[in-house]
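Residue numbers (full-length UniProt numbering): 1 to 237.
The beta-carbon is built from N, C-alpha and C at its ideal position, and this holds for glycine as well.
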Amino acid sequence: MPLIEVTGLHKRYGSRVAVDGVSFTVERGEIFGILGTNGAGKTTTVECLQGLRRADRGAISVLGLDPAADRAALTRRVGVQLQESRLPPKLRVREALELFASFYPDPADVDVLLDQLDLRDHARSYFGKLSGGQKQRVSIALALVGNPELAILDELTTGLDPHARRETWRLVEGVRAAGVTVLLVTHFMDEAERLCDRVAIFDAGRVVATGTPAELRATAGASTLDDAFVSLTRSTL
Ligand code: ATP
Numbered sequence: 001m002p003l004i005e006v007t008g009l010h011k012r013y014g015s016r017v018a019v020d021g022v023s024f025t026v027e028r029g030e031i032f033g034i035l036g037t038n039g040a041g042k043t044t045t046v047e048c049l050q051g052l053r054r055a056d057r058g059a060i061s062v063l064g065l066d067p068a069a070d071r072a073a074l075t076r077r078v079g080v081q082l083q084e085s086r087l088p089p090k091l092r093v094r095e096a097l098e099l100f101a102s103f104y105p106d107p108a109d110v111d112v113l114l115d116q117l118d119l120r121d122h123a124r125s126y127f128g129k130l131s132g133g134q135k136q137r138v139s140i141a142l143a144l145v146g147n148p149e150l151a152i153l154d155e156l157t158t159g160l161d162p163h164a165r166r167e168t169w170r171l172v173e174g175v176r177a178a179g180v181t182v183l184l185v186t187h188f189m190d191e192a193e194r195l196c197d198r199v200a201i202f203d204a205g206r207v208v209a210t211g212t213p214a215e216l217r218a219t220a221g222a223s224t225l226d227d228a229f230v231s232l233t234r235s236t237l
């Protein structure tokens with residue numbers, strides 16, 4: 001059984017159709033990318049997967065659970081990367097990790113996580129005093145602290161310098177190597193090309209293409225995923 005199975009998902013906000021019949025599957029152990037134009041329905045879809053929004057129509061299974069009905073059970077098994085602004089600035093890095101660890105039945109070892117994410121030297125620093133890259137690493141650590149089976153990472157490397165981006169990619173590969181399935185929402189085609197086994201490209205509420213980055217390049221007759229994306233989607237301008 002796929003780890004995530006979405007079939008015919010529909011979601012409107014009032015008269016605006018945000019998701020218009022989206023279907024895709026994510027297999028256990030994959031790094032699966034969700035790419036798409038602005039306003040294509042990526043965030044709405046991912047919120048439905050987490051049980052934060054209820055679909056109007058369609059079926060969703062995540063880890064064999066229905067997110068709308070089983071949100072509490074799902075929350076214990078899924079790690080989500082928070083947007084940095086949601087953490088209080090006066091919280092220290094270790095305190096944040098320990099606080100989040102306390103929400104889970106079988107959390108990761110906070111010291112091991114601090115080492116893995118190269119945060120050991122910042123364990124006592126206030127979150128608000130960290131650089132953008134350090135904050136990003138904390139947000140990834142928080143997504144992993146519950147020992148999740150699925151990690152949902154959004155805007156993984158936004159605001160990071162090229163060194164930090166590569167470091168973060170290696171980290172995500174390490175997370176997958178440890179057996180965690182990764183759902184990555186990204187606007188960066190180089191990131192998707194480097195990390196994702198398969199991607200789904202969203203455009204105007206629909207999935208317009210699914211496959212490996214190489215398959216999508218071949219389908220579009222393009223030499224880069226960036227070119228394939230542009231040829232498979234419509235401009236939102
Ligand atoms: P982006 O890449 O720009 O972040 P996205 O693919 O994540 O976009 P969504 O945020 O899911 O897209 O939005 C899909 C559509 O639904 C957009 O037209 C957006 O304006 C609309 N929308 C999203 N959230 C709401 C809301 N709470 N109320 C009304 N409309 C919304």
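Item: Measure the beta-carbon distance from residue 186 to residue 35 and round it to whole angstroms, keeping in mind my assumption that it falls under 8 Å.; Value: 6 Å
Item: Name the two residues that bound the continuous alpha helix (DSSP H) containing residue 133.; Value: 132 to 144
Item: On the DSSP letters alone, give me the boundaries of the alpha helix (DSSP H) that residue 163 sits inside.; Value: 162 to 177
Item: Restricting to Cα atoms, I'd like to know which of 105, 156, 22 is closest to residue 81.; Value: 156
Item: Compute every distance between the C-beta of residue 241 and the non-hydrogen atoms of the ligand ATP, then say whether any falls below 6 Å.; Value: The structure shown has nothing for residue 241, since the chain only spans 1 to 237.
Item: Give the straight-line distance between the Cα atoms of residue 190 and residue 226, rounded to the nearest whole angstrom.; Value: 8 Å
Item: Note the first and the last residue of the continuous alpha helix (DSSP H) segment covering residue 209.; Value: Premise fails: residue 209 lies in the beta strand (DSSP E), 206 to 211, not in any alpha helix (DSSP H).
Item: For the 8 Å Cβ check, are there 3 or more pairs between the region 21 to 34 and the region 190 to 202?; Value: yes
Item: Check for me: the beta strand (DSSP E) holding residue 185 runs from which residue to which?; Value: 181 to 185
Item: Would you say the beta carbon of residue 209 comes nearer than 6 Å to a heavy atom of the ligand ATP?; Value: no
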